[in-house]
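Residue numbers (the working numbering), protein chains in the order written: chain Y, 1 to 208; chain C, 209 to 416.
These notes are about the structure you will find just below.
There are 2 protein chains.
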Amino acid sequence: MIRLLLVDDQHLIRAGLRMLCDAQPDIEVVGEADNGREAIALAARLIPDVVVMDLRMPGVDGITATSRILADRPATRVLVLTTFGDDDHLYPALTAGACGFLLKDAPPADLLDGIRRAAAGDSPFSQEVLRRLVQRAVHARAETPPPAQGLTAREQDVLNLVAEGLSNTEIADRLHIGVTTVKTHITSLMTKTNSPNRVRLALFARGA
Amino acid sequence: MIRLLLVDDQHLIRAGLRMLCDAQPDIEVVGEADNGREAIALAARLIPDVVVMDLRMPGVDGITATSRILADRPATRVLVLTTFGDDDHLYPALTAGACGFLLKDAPPADLLDGIRRAAAGDSPFSQEVLRRLVQRAVHARAETPPPAQGLTAREQDVLNLVAEGLSNTEIADRLHIGVTTVKTHITSLMTKTNSPNRVRLALFARGA
DNA sequence: GCGCGCCTCCTCCCCGGGGAGGAGGCGCGC
DNA sequence: GCGCGCCTCCTCCCCGGGGAGGAGGCGCGC
């Protein structure tokens with residue numbers, strides 16, 4: 001049973017969502033809030049599995065409520081449900097820790113699917129939003145730095161991630177190799193590029 | 209009925225996928241290919257709705273096959289299914305036009321779900337992959353750097369030297385202060401600029 | 001078959017980086 | 001005189017970064 005907290009300042013929307021969810025055997029709406037302040041308080045008291053969170057609300061908004069709720073209980077799945085899918089809503093929400101982002105014009109079946117996937121640890125996004133996320137990620141990837149020479153392919157991989165400011169552990173995870181292997185590559189990179197420390201290595205990678 | 213083309217060089221995997229899909233009332237496997245060249249030919253002849261595409265294959269690889277198939281029929285949904293989820297597989301696949309990206313260690317139910325969602329116009333991604341995509345998109349968005357406000361004069365001095373790649377001892381010598389003092393400033397800088405490590409701090413200083 | 005480079009991972013070891021939690025001196029505005 | 005922010009430096013502590021010196025597996029060219 002998924003314990004759900006609904007947060008939206010429009011009563012009608014809460015009512016619709018509640019009716020929809022109450023008809024599901026695996027979802028239980030444990031509370032409703034019509035602003036961020038109340039959402040924070042209710043989340044602390046009711047400990048829901050999933051919070052369906054509106055963004056634009058009077059007083060404390062959904063972004064603030066999201067980060068506060070997650071600061072308190074990081075395991076909570078906050079699923080944003082909003083009318084506005086533009087970047088200025090999307091990215092603050094993701095930075096605040098929202099696990100997914102759905103638009104209110106989605107069909108009811110998608111909402112329910114999203115709630116279930118959020119509860120299962122997945123990250124549901126509306127198609128339109130996901131497309132933009134992927135586009136931006138691909139675009140950002142394309143901007144990654146020009147190569148240096150004399151480095152092996154793997155060393156170049158590691159170097160790029162050092163240049164992004166990742167730790168050895170993060171690099172290991174990203175490349176699916178061991179931390180010791182990362183260290184080996186970095187030792188080799190530092191001698192090859194004549195860098196006395198990691199920051200210099202990062203600067204080298206960026207052509208600085 | 210979803211018309212599906214399976215592309216994978218490992219016979220065993222094709223067999224497993226076929227068995228899985230044949231058991232579904234709404235999916236029909238219309239063909240199989242064990243390399244990219246054959247995939248391109250079969251896609252042109254069979255006009256599948258969805259292509260489940262492996263990446264590493266002898267001869268023509270999955271990336272090339274994906275872009276060729278989509279150049280021919282853009283409406284085709286190419287869903288990558290691979291063992292390797294790292295960036296060097298992911299981004300080329302997305303650039304080539306893949307609509308989704310699943311890892312082979314996913315449970316069978318997720319595979320079927322992914323095929324159905326791909327057919328429906330959605331973009332299925334493995335959680336791990338999606339997390340990275342979102343991270344990178346958020347990170348790219350953050351390129352518009354949050355203002356560096358609130359630094360004291362001395363913190364700014366230290367920050368400039370960190371950005372040049374100096375060690376704490378070198379910074380201390382340069383500014384004629386103790387190493388512990390340098391550490392104090394750096395700790396303060398890292399919290400103020402929200403940097404998890406020294407490289408990120410240096411990048412922050414450089415507006416990267 | 002052999003050597004070679006690359007990639008992977010290992011142990012042993014140590015220092016520098018960084019967090020937590022202080023304290024004292026100074027100049028400033030009120 | 002008092003509070004305050006800044007700069008300075010301290011201890012205690014620990015982990016991550018990085019050096020030294022290995023090893024095995026793999027694919028490649030010869």
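By construction, the Cβ of each residue, glycine as well, lies at the ideal position given by its N, Cα and C atoms.
Environment of residue i [buried if 16+ CB atoms lie within 10 Å]
{"i": "His219 of chain C", "result": "exposed"}
{"i": "Thr83 of chain Y", "result": "exposed"}
{"i": "Arg200 of chain Y", "result": "buried"}
{"i": "His89 of chain Y", "result": "buried"}
{"i": "Gly415 of chain C", "result": "exposed"}
{"i": "Glu351 of chain C", "result": "Model confidence at Glu351 of chain C stands at a pLDDT of 48, short of 50, so the residue's coordinates are unreliable and nothing is read from them."}
{"i": "Gly100 of chain Y", "result": "buried"}
{"i": "Pro316 of chain C", "result": "exposed"}
{"i": "Asp72 of chain Y", "result": "exposed"}
{"i": "Pro300 of chain C", "result": "buried"}
{"i": "Asp87 of chain Y", "result": "exposed"}
{"i": "Ala328 of chain C", "result": "exposed"}
Alpha carbon of residue i to alpha carbon of residue j, nearest angstrom
{"i": "Leu302 of chain C", "j": "Ser403 of chain C", "result": "30 Å"}
{"i": "Phe204 of chain Y", "j": "Ala172 of chain Y", "result": "21 Å"}
{"i": "Asp217 of chain C", "j": "Met209 of chain C", "result": "25 Å"}
{"i": "Thr399 of chain C", "j": "Leu374 of chain C", "result": "20 Å"}
{"i": "Pro355 of chain C", "j": "Glu363 of chain C", "result": "Unreliable positioning characterises Pro355 of chain C in this predicted model, as indicated by a pLDDT of 42, which lies under 50. A coordinate reading is not provided."}
{"i": "Arg276 of chain C", "j": "Ile248 of chain C", "result": "7 Å"}
{"i": "Ala314 of chain C", "j": "Pro332 of chain C", "result": "12 Å"}
{"i": "Pro353 of chain C", "j": "Asp22 of chain Y", "result": "Confidence at Pro353 of chain C is low in this model, with a pLDDT of 44, below 50, so its placement is unreliable and the value that follows should be read with caution. C-alpha separation (whole angstroms): 43 Å."}
{"i": "Met19 of chain Y", "j": "Arg324 of chain C", "result": "27 Å"}
{"i": "Arg131 of chain Y", "j": "Val78 of chain Y", "result": "20 Å"}
{"i": "Pro282 of chain C", "j": "Ile186 of chain Y", "result": "42 Å"}
{"i": "Asn405 of chain C", "j": "Leu133 of chain Y", "result": "26 Å"}
{"i": "Thr152 of chain Y", "j": "Ala304 of chain C", "result": "25 Å"}
{"i": "Thr64 of chain Y", "j": "Ala252 of chain C", "result": "51 Å"}
{"i": "Ala98 of chain Y", "j": "Leu111 of chain Y", "result": "15 Å"}
{"i": "Ala137 of chain Y", "j": "Val346 of chain C", "result": "8 Å"}
{"i": "Val390 of chain C", "j": "Leu278 of chain C", "result": "56 Å"}
{"i": "Thr392 of chain C", "j": "Ile385 of chain C", "result": "11 Å"}
Residue i and residue j closer than 7 Å at C-beta
{"i": "Phe127 of chain Y", "j": "Asp330 of chain C", "result": "With the sequence shown as reference, residue 127 of chain Y is identified as Gln, and Phe is not the correct amino acid for it. Their beta carbons are under 7 Å apart, which means Gln127 of chain Y touches Asp330 of chain C by this criterion."}
{"i": "Val158 of chain Y", "j": "Asn168 of chain Y", "result": "no"}
{"i": "Gly267 of chain C", "j": "Arg245 of chain C", "result": "yes"}
{"i": "Met53 of chain Y", "j": "Thr66 of chain Y", "result": "yes"}
{"i": "Ala202 of chain Y", "j": "Ala163 of chain Y", "result": "yes"}
{"i": "Val238 of chain C", "j": "Leu254 of chain C", "result": "yes"}
Own chain, CB closer than 7 Å to residue i, minus 5 neighbours either side, in chain order
{"i": "Gly293 of chain C", "result": "Leu311, Ser334, Glu336, Val337"}
Close-in-space but distant-in-sequence residues of the same chain around residue i (CB under 8 Å, 5 per side omitted)
{"i": "Arg14 of chain Y", "result": "Leu6, Asp8, Glu32, Asp34"}
{"i": "Leu161 of chain Y", "result": "Glu170, Ile171, Arg174, Leu175"}
{"i": "Gln232 of chain C", "result": "Leu320"}
Same chain, Cβ closer than 6 Å to residue i, neighbours up to 5 away in sequence not counted
{"i": "Ile235 of chain C", "result": "Ile210, Leu212, Cys229"}
{"i": "Asp321 of chain C", "result": "none"}
For a minimum of 4 consecutive residues, which ranges assigned as the alpha helix (DSSP H) are wholly contained in the stretch 291-360 of chain C? 295-304, 316-327, 335-349
Go through the stretch 251-287 of chain C residue by residue and report every complete run of the alpha helix (DSSP H) that reaches 4 residues or more, in order. 270-280
In chain order, what are the residue ranges of uninterrupted alpha helix (DSSP H) at least 4 long that sit wholly in the stretch 374-413 of chain C? 376-383, 387-400, 406-413
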